[in-house]
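Structure first, commentary second.
Number of protein chains: 2
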Amino acid sequence: MTMHIWTASPRANEASAPTWFDTILIVSTQFLVEARAGAARAGRLTTPHGEVETPVFMPVGTLASVKGLPQEVLEELGVEILLANTYHLYLRPGVEQVRKLGGLHGFMSWPRSILTDSGGFQVFSLNDLRKVSQEGVTFRSHLDGSSHFFSPESAMEAQIGLGADIIMAFDECTEYPAEPERVRASMELTLRWAERSKNYFEEHKNEVPCNKVSDRTQALFGIVQGGMDLALRKESAERTIEIGFPGYAIGGLSVGEPRHVTREIVEATVQHLPAERPRYLMGVGTPEEIVEYANLGIDMMDCVLPTRAARHGLLFTSEGRISIKQAQYAGDESPLDPNCVCPICRRYSRAYLRHLYASNEVLAQVLNTIHNLSFYLDTMRAVRHSISLGRGARFLSEVWSRAKL
Amino acid sequence: MTMHIWTASPRANEASAPTWFDTILIVSTQFLVEARAGAARAGRLTTPHGEVETPVFMPVGTLASVKGLPQEVLEELGVEILLANTYHLYLRPGVEQVRKLGGLHGFMSWPRSILTDSGGFQVFSLNDLRKVSQEGVTFRSHLDGSSHFFSPESAMEAQIGLGADIIMAFDECTEYPAEPERVRASMELTLRWAERSKNYFEEHKNEVPCNKVSDRTQALFGIVQGGMDLALRKESAERTIEIGFPGYAIGGLSVGEPRHVTREIVEATVQHLPAERPRYLMGVGTPEEIVEYANLGIDMMDCVLPTRAARHGLLFTSEGRISIKQAQYAGDESPLDPNCVCPICRRYSRAYLRHLYASNEVLAQVLNTIHNLSFYLDTMRAVRHSISLGRGARFLSEVWSRAKL
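From first to last, the protein sequence lines are chains A and B.
Just so we're aligned: the first sequence equals residues 1 to 405 in the numbering used here.
Just so we're aligned: the second sequence equals residues 1 to 405 in the numbering used here.
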């Protein structure tokens, strides 16, 4: 097994000439590719708050909480990194409040890694009345209608205040469908904003509030846009890499396009991203899809699907999806998923889970969320294991067929 | 320390002449008084599913779930006995469903003790259109308006099917205020129903569905009524004891009367209950009150207050009640209760709990409920400890002043 270590200190043109540093010099995240199988890779991402084995699925904790689950449970499930939403936290409880309380880690009492998005996606998805200019975006709060403004600089300021381990450049999430000129203009805007994001971050990254637990500091990742146009995706990737980031995300997908288009864009874009940097595909997907994207060489993913579906009684199992509200489960003594070793499947019956859901008991959401998250995390562990063994798509496809939901 | 062991096999006139049996002969619960301090006692109640240290506070799991808490958490908090509501479970998911799934223990995967109420209280409190006859009560479901009938026999049948360790005689909860003739008539009805409850139970107690985990079987407790009339309470106690039960509850309190009246009735009624049987005061109270009632010689209590208050952001602490929604806690880094060692106070700040509540996060309910239940359980452990040390009201009043909320 060949092991590659690159530091994640952002530099221009880094992809073409990775440099080896002593660990003393490492200033943000560190990423090691430990095994490969085809395009897929198993790696280890080190942040100021610990190590993250990749490929990784990041549960979404929008308001500094994965809905219904105490942080103790997330730790027990083996969650190594959480995602939190800058837009939501900016509105409530506010960045300054979180900053004063030690950043997100102190605020929510989570000792492991955190990633925040830039707020860009929510500004676009939750605001019909937004106004975009070169300077930034004016938008209204979905809570009280109050007016707010995000620029690359203010989005960085917010994310530095929140103090996550990995923060994201402020981007415009191009709508789908869009005319070619519109997609290009949007991509150009995102590239200018990426540069401004990086400039602001480099000047202010020493202001992170969380207690120092290591010599590392926050890392700022860039985001590739370009709509559903392969050429623009390539150009966006190349020019974002030119700006230079310790990790790269693929944004602007899962916005309504057919799934085969998503796959096509991911597969093509990954090839233009540096092999030695973590690759983060934002906002995907089903268990089937996260296996497929890991197989294409994606290292990090996040999605509200497992947690949101759990709240609606939709459960992922090795035997397919189960809508637990159905009457057929009322007398079913078997575990939710006989192949699952999560705390829920080890202890409770389908009949009990169905009763809780049908009776609107809050415990339904708690138990369902624990199971769905376990299923995603176990799926990713299986994928990672198969890559670590050097097994490629053949073994992955077996995992996949297990997760074919 | 003198230890008294009486078996709990129900017999007539048992109070006047307790008999010692070999443990081999024990058929239902066993109750040991291990220490006394004034009227208060510390004891040990053994059920088919384990031991319960008394005085005990029983969390309410209305629909076979303590709202928001996985059974694992209840175990970790040291809960030894839960209460579940027959009325609610009868309507949803239905007694037959629970019976087929192994009774409540199997259904909800709870290996420790369970007590069910008779359904009487809910029939009276949730049904304005109920019709009471000598035979029983016709009532409408609060869920869909469908018509149902509970008699002493059918309430016993339901509770045998649910399979709790301790079940309650079917009683009429007398309304407050009520005319003297009405209170007497209601008490007489409860006494006739107690006899019918016992008769049905004795004929059918071998039908309990749960897997046998010991040689013990269910125990049926009687309920003392009599409104706010001390003479009727005495008469109800004496005639209920004459029927003979392994434990006695005081019902018909916390129905709107002033708290000093509740206390007066409890103190007077306790003196007419056999010292060697567990005494259960139904539906109380605040932390202050549960200490006081334990001090009066009550062994078992239940109340929705800690769990319901938690859902409304009302938290009990050693420094008084806290309404966590208040803005003053938004930046408060201190734990909810600096004297509490519960998992919530050890990990989270008031600021985070306030944020979760203000943001309508489900985790607010989960964490608040864990704290409030811990506070109640810890209060009872402190009370029990002081009794075990032979300390009476003096030490108890210290505990009480700690819990003066």
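Positions of the beta carbon are idealized from the N, C-alpha and C atoms, including for glycine.
To the nearest angstrom, how far is the alpha carbon of residue i from that of residue j?
i	j	result
Phe-31(B)	Arg-277(B)	7 Å
Leu-77(A)	Pro-246(A)	28 Å
Glu-242(B)	Cys-173(B)	20 Å
Gly-222(A)	Cys-345(B)	39 Å
Glu-238(A)	Arg-347(B)	45 Å
Glu-153(B)	Cys-340(A)	43 Å
Arg-184(B)	Trp-193(B)	14 Å
Ser-481(B)	Ile-387(B)	Past the boundaries of the shown model lies residue 481(B); chain B is included only from 1 to 405, so the question cannot be answered.
Glu-157(B)	Ile-298(A)	59 Å
Met-228(B)	Val-56(B)	25 Å
Met-301(A)	Ala-64(A)	18 Å
Leu-191(B)	Leu-126(B)	23 Å
Thr-86(B)	Ala-155(B)	8 Å
Asn-211(A)	Trp-110(A)	With a pLDDT of 48 at Asn-211(A), under the threshold of 50, the modelled position of that residue is not reliable, and the figure given next carries that caveat. Their backbone Cα atoms lie some 12 Å apart in a straight line.
Tell me which residue opens and which closes the beta strand (DSSP E) that residue i is part of.
i	result
Asp-302(B)	300 to 302
Ile-167(B)	166 to 168
Ile-322(A)	320 to 323
Ser-113(B)	113 to 116
Val-66(A)	From DSSP, Val-66(A) is part of no beta strand (DSSP E); its letter is neither H nor E.
Could you tell me if residue i is buried or exposed, where buried requires 16 or more neighbouring beta carbons within 10 angstroms of its beta carbon?
i	result
Gly-406(A)	With chain A covering only 1 through 405, there is no way to say anything about residue 406(A).
Leu-356(B)	buried
Lys-131(B)	exposed
Gln-159(B)	buried
Asp-144(B)	exposed
Val-137(A)	buried
Leu-129(A)	exposed
Leu-232(B)	buried
Arg-384(A)	buried
Within the same chain, show all residues whose beta-carbon is closer than 6 Å to that of residue i, passing over the 5 residues directly before and after it, in chain order.
i	result
Asp-165(A)	Thr-47, Pro-48, His-49, Ser-113, Ile-114
Gly-252(B)	Cys-173, Thr-174, Gln-225
Ala-249(A)	Phe-221, Ile-223, Tyr-280, Met-282
Val-255(A)	Tyr-176
Ala-310(B)	Asn-368, Thr-369, Asn-372
Leu-363(B)	Leu-356
Ser-236(A)	Met-187, Val-224, Gln-225, Gly-226
Thr-116(A)	Ala-84, Thr-86, Gln-159, Leu-162, Ala-164, Ile-167
Glu-207(A)	Ile-160
Between which two residues does the alpha helix (DSSP H) carrying residue i extend?
i	result
Gln-134(A)	Taken as a continuous stretch (DSSP letters only), Gln-134(A) belongs to no alpha helix (DSSP H), as it is neither H nor E.
Ile-241(B)	230 to 243
Leu-305(A)	305 to 311
Leu-89(B)	86 to 91
Glu-207(A)	Unbroken run through Glu-207(A): none, as it is neither H nor E.
Ala-268(A)	259 to 270
Glu-179(A)	Run containing Glu-179(A): none; DSSP gives neither H nor E here.
Arg-391(A)	Neither: Arg-391(A) is in no alpha helix (DSSP H) and is coded neither H nor E.
Gln-30(A)	Element bounds for Gln-30(A): not the alpha helix (DSSP H) but the beta strand (DSSP E), 30 to 37.
Glu-219(B)	In the sequence as displayed, the identity of residue 219(B) is Ala instead of Glu. Careful: Ala-219(B) lies outside any alpha helix (DSSP H), inside the beta strand (DSSP E) at 219 to 224.
What is the DSSP secondary structure of residue i, counted as helix, strand or coil?
i	result
Phe-375(A)	helix
Met-108(B)	helix
Met-187(B)	helix
Glu-276(A)	coil
Leu-25(B)	Here the model assigns Leu-25(B) a pLDDT of 40, short of 50, so the residue's position is not dependable and the matter cannot be decided.
Gln-328(B)	helix
Glu-157(A)	helix
Arg-381(B)	helix
Thr-317(A)	strand
His-355(B)	helix
Val-79(A)	coil
Glu-51(A)	strand
Thr-46(B)	strand
Ser-151(B)	coil
Tyr-248(A)	strand
Leu-281(A)	strand
Short of 8 Å in beta carbon distance, which residues of its chain neighbour residue i, apart from the five on each side in sequence? Order them along the chain.
i	result
Arg-350(A)	Ile-322, Ile-324, Tyr-329, Asp-332, Glu-333, Ser-334, Pro-335, Leu-336
Leu-367(B)	Ile-344, Tyr-348, Leu-353, Leu-356
Leu-69(B)	Val-366, Thr-369, Ile-370, Leu-373
Closest Cβ-Cβ distance between residue i and chain E: below 7 Å?
i	result
Lys-325(A)	No chain E appears in the structure shown, which is made up of the protein chains A and B.
Spatial neighbours of residue i within its chain, please: C-beta separation below 7 Å, excluding the five flanking residues on both sides.
i	result
Tyr-91(B)	Position check: residue 91(B) holds Leu in this sequence, whereas Tyr was assumed. Counting only Cβ-Cβ distances below 7 Å, and skipping sequence neighbours, we find Ser-141, Leu-143.
Val-98(A)	Leu-89, Leu-104, Phe-107, Gly-161, Leu-162
Just checking residue i against the ligand MN - is the residue's beta carbon closer than 6 Å to any of the ligand's heavy atoms?
i	result
Phe-245(A)	Here there are no bound small molecules, and the ligand MN is not part of this structure.
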